[in-house]
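Residue numbers (this note's numbering): 1 to 350. Note that beta-carbon positions come from the ideal geometry of N, C-alpha and C, so glycine has one too. Computed from a predicted structure; not experimentally measured.
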Ligand code: NAP
Ligand code: G4F
């Protein structure tokens, strides 16, 4: 049984992938954990229910929205947190092209709203603040490993909004002396990843195919085929459990600072597809090129993957690779998961 450590944490975006893992981590460290949730017509707390099977351990939830400054200020005044982790965001890069203004409001101005809430409640000197910044800030136009000094070149409304949030965090640190940190996190995944992100989309589809083969069910090529966009995009993929541990460490340091969290190796979407099918015991073979490229099951000849340009983005981030040297040296942060371990866990849980 964990003893209370006397500290209170407030997590925005607590119903998301990272929010749920972070809530679990902080609860296990003895924090009183509070979270901000949006009102939804159906419950959206499934990740918290998964990681907190014991109802009595679950975080205290408050209704709020990153677009509603008054509500955020009321929650901060009531909770009086020692640490705030600002994870709430419209986090889907492709969707941000369809909802650019909304994304700016939540992911950009939302950061100012919560920082102002801390100031208005008189907590600026004592409340530590984490901002969920992103490797999307870099734009990924070459294969160089990005660190805290690499110039930014965001390539989507999401990236632009997050750039505003990044600088808001730096500015409140410099202007008001707040303990405010940016975690510039490269992609991190898990069985709790949203189903429209590419890793979860792949593992769900491959697991369904594996089940059909094992049950000797007919494979319907209309519905079973996995449709993907740019399979040559490369990402530095880690596991969310490792990354929330890094967020926590940033707020335990003597001084506030900004840190990259990444594994230091990257893989293409194509590599991820192959690894997922390998974990399912299937070997695949690619035929054709460009939009006509397809993947087939070597043993059965079934069509498995095809390209759908609907998943292309108006501006792609072709390659992301992170250099986590600073986090390793100053935080002692080291990811535990390998790429294969991540894929296998996601396949087992899919
Ligand atoms: P996620 O699963 O999409 O979760 C996003 C969370 O934000 C959800 O709880 C969502 O609530 C909440 N939210 C969205 N709009 C909101 C609003 N207007 N007001 C209040 N809450 C709102 O994202 P994630 O993967 O956990 O990522 C957490 C944060 O890290 C995000 O800021 C993301 O941009 C950033 N980030 C993620 C990665 C990654 O690879 N996962 C990498 C770098 C940075 P609902 O449940 O109601 O939708
Ligand atoms: O899984 P994705 O949608 O993640 P993306 O765009 O890299 O963004 C994620 O990581 C960021 C950190 O770098 C976060 F800030 C952000 O919030 C989010 O968590 O796409 C990964 C890659 C892209 O290059 C995309 O074009 O996969 C490519 N892709 C190919 N086919 C696809 C698909 N992406 C999605 N979502 N769906 C596809 O069918």
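Kindly list the residues whose CB is nearer than 8 Å to the CB of residue i, restricted to its own chain and excluding five residues on each side of it in sequence; keep chain order.
i           : result
residue 28  : 2
residue 346 : 189, 190, 191, 193, 199, 200, 203, 276
Short of 6 Å in beta carbon distance, which residues of its chain neighbour residue i, apart from the five on each side in sequence? Order them along the chain.
i           : result
residue 169 : 131, 180, 182
residue 32  : 8
residue 39  : 63
residue 316 : 230
residue 82  : 7, 8
residue 279 : 343, 344, 347
residue 176 : 124
residue 128 : 83, 179, 251
So is residue i buried or exposed if we call it buried at 16+ other beta carbons inside 10 Å?
i           : result
residue 334 : exposed
residue 43  : exposed
residue 226 : buried
residue 298 : exposed
residue 34  : buried
residue 141 : exposed
residue 187 : buried
residue 86  : buried
residue 153 : exposed
residue 223 : exposed
residue 46  : exposed
residue 91  : buried
residue 332 : exposed
For residue i, which residues in the same chain have their Cβ closer than 7 Å to its Cβ, ignoring the five residues on either side in sequence?
i           : result
residue 58  : 48, 52
residue 89  : 13, 106, 107, 132
residue 157 : 96, 97, 100, 103, 104
Look up residue i in the DSSP assignment and say whether it is helix, strand or coil.
i           : result
residue 73  : helix
residue 48  : helix
residue 277 : helix
residue 18  : helix
residue 116 : helix
residue 194 : coil
residue 5   : coil
residue 330 : helix
residue 212 : helix
residue 350 : coil
residue 288 : coil
residue 38  : coil
residue 29  : coil
To test your reading of the DSSP string, which unbroken alpha helix (DSSP H) runs of 4 or more residues are found completely within the stretch 134–187?
157–176
Taking contact to mean at least 3 C-beta pairs separated by less than 8 Å, is the stretch 111–120 in contact with the stretch 65–82?
yes
Which ranges does the alpha helix (DSSP H) cover as unbroken runs of at least 4 residues, wholly within the stretch 231–262, from first to last along the chain?
240–250
Touch check for the stretch 244–261 and the stretch 146–157: three-plus C-beta pairs under 8 Å?
yes
Can we say the stretch 159–174 touches the stretch 228–248, given the rule of at least three CB pairs closer than 8 Å?
no
Report all residues for which the CB-ligand distance to some heavy atom of the ligand MG is below 5 Å; order them along the chain.
As for the ligand MG, it is missing from this structure, which binds only the ligand NAP and the ligand G4F.
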